[in-house]
Each structure stands twice: as structure tokens, then as C-alpha cells.
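Going by my numbering, the sequence shown opens with residue 3, and the numbers climb by one from there. First up is the structure itself, then whatever we jot down about it.
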Amino acid sequence: MTVALVTGATQGLGRALVEGLAQRLEPTDTVYLTGRDRNRVSAAVQTVQGRARVRGELLDVADPDAATELARQLGERHGGIDIVFGNAVMRIGPDDNPREIIDTYTQVNNFGTTRLLRAFAPILNDNGRLLVVASSLGTLHHLAPVLHKRFTEPSSLDEIDEQIANWRDSTKEGRAGAWPAFVNIPSKIGQVAAVRVLAHQRRQSDERRGVLIAAVCPGMINTPTSALWWDVSTAPTPAQAATALLDLALNPVEPEHHGELVRDGQVVPFS
3 MTVALVTGAT QGLGRALVEG LAQRLEPTDT VYLTGRDRNR VSAAVQTVQG RARVRGELLD
63 VADPDAATEL ARQLGERHGG IDIVFGNAVM RIGPDDNPRE IIDTYTQVNN FGTTRLLRAF
123 APILNDNGRL LVVASSLGTL HHLAPVLHKR FTEPSSLDEI DEQIANWRDS TKEGRAGAWP
183 AFVNIPSKIG QVAAVRVLAH QRRQSDERRG VLIAAVCPGM INTPTSALWW DVSTAPTPAQ
243 AATALLDLAL NPVEPEHHGE LVRDGQVVPF S
């Protein structure tokens, strides 16, 4: 029996990942559709079509204890987990003031990611997958060289959290310095760096057990939020964008993907 979980799954790519898993897995398998609003979770579960059983669970990744508690419950219920997609994200528009939203933004996108990694990596079954949805913006190419060491030198998730907290505080205080104005860039780099750190710590064990921990880039997607920033009229739908991510979750592991940012089956170099 396969057990899968998707965060931020009540709409868009997250919901498409749930439906794709439900369609590709078997009736004996379970896919957990999670979100922070009970009514939206329940409504989303009702719309998913597929063979596997889909269950709704509350999970607000901004809550410091929520991921750990849900991982504990699922570990007791199933003994472990096979597939986790970390897709929860706070969406922002061009008119949002970074100084006003940065606290909530980092709690969801960055600290939410490291909480998920800490909570679910220990209960991954053999041949498990722990995939964080990031972006090609999560590479050092988009960051001033003076800042690169902040994301290449840390050796723990705690140290990554410290760098994100430093960036958050600099943004709140209006002293961004070399940090880019577009908050998606440091945030996505922080997500990819967190994946890299955790994967490095676990590499030998994960390779022996067939486990894959990676960041994934779905590319541009035709969603209302993306449309606030770019012309996405010809971009793939969430269901289309989910295909490559589902392939990564369900196909045999490619060792070179471990700890990397992967787009359409290819590694996107971090630096």
C-alpha cells in the first residue's frame, strides 16, 4: 500500500498533484489532500477523481507544530509514508509590500518547508519520495555573489532557517542591501538550499534505501496568481505541469536527482 501526501492541495498545482496520484495509484493506496482551511479541504476532496482513496487533513505549515503532529499521526496510522509533495505557498502580487508580508511569507514558504522536511523525512519508507515544489528562481544565478555563501555554507536546516530569518529581518527593517527586491528569489533559493542540506546529511542512507529527496520546478503555470506577474495564456495548466512531478515521484530514482532542483527530469544547477 502506498501512502502519499500533498500540502497546499486545495487548488492549482497541489490539487492537480493529488488527482494525478489518485489516478496513477491503486484502490488500496491513500492520498492525503491537505490545506489550512477545513471547508476548502473538504470541498477539494469531493472534486478529485481517481482510483486511490483521497482523504482530507488539516495542515497549516505556518503552525510550528502542525507538520510534526500530522507526521506522528500518519506514522502511527500507516507505519510510514511513501510520497510527500511540499507545495504549500503564500501567493503574492506585484502590489504587495514586501515589508508588510515578509513575516507571513517566510513562515509559510520557508519555515514551512523546513518544518515539513524535519517532520516527514524520518518516516519515509524505503523507496520514498520527499519533493519540495520550488522554481528555477531558486538558483544562485539570480542572487548577488556576495550573498551566495549564505546558502552554500550552511550544513543544517537550522542554519538555513537562520539565513532566512536574517533576510526577513533585513526586509522588514528596510535595509535589504544586496538582497533582490523580488522576494520569490531568496525564498526559492532558501527552499532549494534546505533540500540540498538535508539530502547531503542523508545521502548514503537514502541511496541504500532508494529514497529521493529533491526540489522540483514545475515551470510556468497558467494560474490566476501567475497571471498577475506574467502573460501565462500559453503556459501549461496545473494538470499538465503536474505530469513531470508525478513522473519523478513514481518512476525509478535517478541518483543524480538526489538533493538537486529537477525540472522535466533534468537537474537545474544550483550555482
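C-beta atoms are modelled at their ideal positions from N, C-alpha and C, and glycine is treated no differently. Computed from a prediction, not measured in an experiment: that's the story for all the values here.
Cα-Cα separation, residue i to residue j
{"i": "D128", "j": "I94", "result": "37 Å"}
{"i": "R26", "j": "L159", "result": "33 Å"}
{"i": "A355", "j": "V148", "result": "Absent from the structure is residue 355, since the part of the chain shown begins at 3 and ends at 273."}
{"i": "S207", "j": "L139", "result": "29 Å"}
{"i": "V50", "j": "V269", "result": "31 Å"}
{"i": "F272", "j": "H80", "result": "35 Å"}
{"i": "F113", "j": "P29", "result": "34 Å"}
{"i": "T236", "j": "N224", "result": "7 Å"}
{"i": "L263", "j": "Y34", "result": "24 Å"}
Distance between beta carbons of residue j and residue i, contact taken as under 8 Å
{"i": "A11", "j": "G37", "result": "6 Å"}
{"i": "Q109", "j": "A64", "result": "4 Å"}
{"i": "T9", "j": "G88", "result": "5 Å"}
{"i": "V134", "j": "Q203", "result": "Not a contact, Cβ separation roughly 15 Å."}
{"i": "T116", "j": "D163", "result": "6 Å"}
{"i": "L145", "j": "I104", "result": "Contact flag wrong, Cβ pair sits at about 17 Å."}
Coil, strand or helix - residue i by DSSP
{"i": "F87", "result": "strand"}
{"i": "L72", "result": "helix"}
{"i": "N224", "result": "coil"}
{"i": "I2", "result": "As displayed, the chain neither begins before 3 nor continues past 273, which places residue 2 out of reach and without an answer."}
{"i": "Q13", "result": "coil"}
{"i": "G140", "result": "coil"}
{"i": "Q25", "result": "helix"}
{"i": "L35", "result": "strand"}
{"i": "V135", "result": "strand"}
{"i": "I94", "result": "coil"}
{"i": "V197", "result": "helix"}
{"i": "V63", "result": "coil"}
{"i": "R55", "result": "strand"}
Exposure label - residue i; buried when at least 16 CB within 10 Å
{"i": "M3", "result": "exposed"}
{"i": "R170", "result": "buried"}
{"i": "W232", "result": "exposed"}
{"i": "S189", "result": "buried"}
{"i": "H143", "result": "exposed"}
{"i": "S44", "result": "exposed"}
**OP:** Would you check if there are 3 or more beta carbon pairs closer than 8 Å linking the segment 94-112 to the segment 69-78?
**Re:** Short answer: they don't touch.
Original post:
Are there three or more Cβ pairs, one per stretch, closer than 8 Å when the segment 212-232 is compared with the segment 245-255?
Top reply: Per the Cβ contact rule, the segment 212-232 is in contact with the segment 245-255 (3 or more Cβ pairs under 8 Å).
Original post:
Between the segment 100-107 and the segment 183-193, are three or more C-beta pairs nearer than 8 Å?
Top reply: Cβ pair count under 8 Å is three or more, so yes.
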